[in-house]
Amino acid sequence: MAGLWIWFGRLNKCKHVRKMEQQSEPKAVDASADRVFAFSDGVFAIIITIMVLELKKPAGDDFHAVLSLWPTWLSYATSYLFISIVWLNHHYLLRNLSGVSLRLLWANFGHLFSVSLIPFLTDWVAESKLAPVPVSLYAFVFLTVNVSYLILVWESQQDGRTKEHKPLASWMIRLRSTATIAVFLVSTVISLWAPILGFTMVCGCLILYTRPEIKASNQHLVRLGKIQKFLRYPTDKR
472 MAGLWIWFGR LNKCKHVRKM EQQSEPKAVD ASADRVFAFS DGVFAIIITI
522 MVLELKKPAG DDFHAVLSLW PTWLSYATSY LFISIVWLNH HYLLRNLSGV
572 SLRLLWANFG HLFSVSLIPF LTDWVAESKL APVPVSLYAF VFLTVNVSYL
622 ILVWESQQDG RTKEHKPLAS WMIRLRSTAT IAVFLVSTVI SLWAPILGFT
672 MVCGCLILYT RPEIKASNQH LVRLGKIQKF LRYPTDKR
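Spelled out as structure tokens, the structure:
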């Protein structure tokens, strides 16, 4: 009987030691974040590869033949810049993750799905020479990419999954995303009547995303870490 109690004691001790080892191994959590990182990078690489393969050579051997493909060069350059910006922001967001959840994984899948639609619309806009409907749907895809990114930002900040949480910077990211969503929505509608104007609005909106990290101008508010609901500006409450 005494031997049985000793055996149970050793078993419980082994379980306790194993549990402590698992809690002290951050790599188990980091590995999940790393896999999301690697998978996402692979998807971005494939999307850009598809866009490159869709490029067509000029019909002639003079500059006129090259210039006649201006819709192709314009749509490709815009899409390439947009995907680069999306990747930069995606990289900046995910590098601060200390762990992932199932909801965050699905949010990331949704974000990558919206980005994967860009090559199709890019080719359509080029072949139609900036026709109203293709440009409108092109702007709408940009809108869905932004919405899915905003969801990804929100989900990444739940349950303390970010290694460095900066309230003011997070608020500014949400504000910027919401502002660009509004611009993309307007350009989606305007493109049905004025596709050139709508496409120009899309291009101009990309400037807001060239810098993924928004530095807080008031470090005191960052140290306080106090923000109100969603888009309300952080307040200094004592």
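Plus 471 on top of the position in the sequence shown (first one is 1) and you've got the working numbering. Glycine included, every Cβ here is placed at the ideal spot set by N, Cα and C.
Counting only the Cα atoms, L526 lies some 20 Å from F670.
Sequence-distant Cβ neighbours of H562 in its own chain, meaning closer than 6 Å and more than five residues away, do not exist here. Between I652 and L614, the C-beta spacing is below 8 Å. At a Cβ-Cβ threshold of 8 Å, T543 and V673 do not count as neighbours. Remark: fewer than three beta-carbon pairs, one from each stretch, lie closer than 8 Å, so the stretch 648-662 and the stretch 526-536 are not flagged as touching. A distance below 7 Å between beta-carbons, with the five flanking residues on each side excluded, links N579 to the following residues of its chain, in chain order: V507, S511, L623.
In terms of Cβ geometry, I554 and I589 form a close pair [threshold 8 Å].
Nearest neighbour of I678 by Cα position, chosen from I667, L524, V654, turns out to be V654. When DSSP states are grouped into helix, strand and coil, L663 belongs to the coil group. Straight through space, the alpha carbons of S619 and S585 are spaced by roughly 8 Å. A straight-line Cα-Cα distance of about 17 Å links S569 and W577. Around the beta carbon of I517, fewer than 16 other beta carbons lie within 10 angstroms, which makes this residue exposed. Between S546 and V596, the CB-CB gap stays under 8 Å. The DSSP assignment places no complete alpha helix (DSSP H) segment of no fewer than 4 residues inside the stretch 513-537. Residue L621 holds the alpha-carbon nearest to the alpha-carbon of L646 among E626, V657, L621, L656. From the listed residues G675, G581, L575, I519, the smallest Cα separation to V616 is found for G581. Counting other Cβ atoms within 10 Å of its Cβ, D532 stays below 16 and is therefore classed as exposed. I644 counts as buried, since no fewer than 16 other beta carbons sit within 10 angstroms of its beta carbon. Taking each of L573, F611, L575, S572 in turn and checking the Cα distance to F591, the smallest one comes out for F611.
Here DSSP, grouped into helix, strand and coil, assigns A509 to helix.
Collapsing the DSSP output to three states places S658 in a helix.
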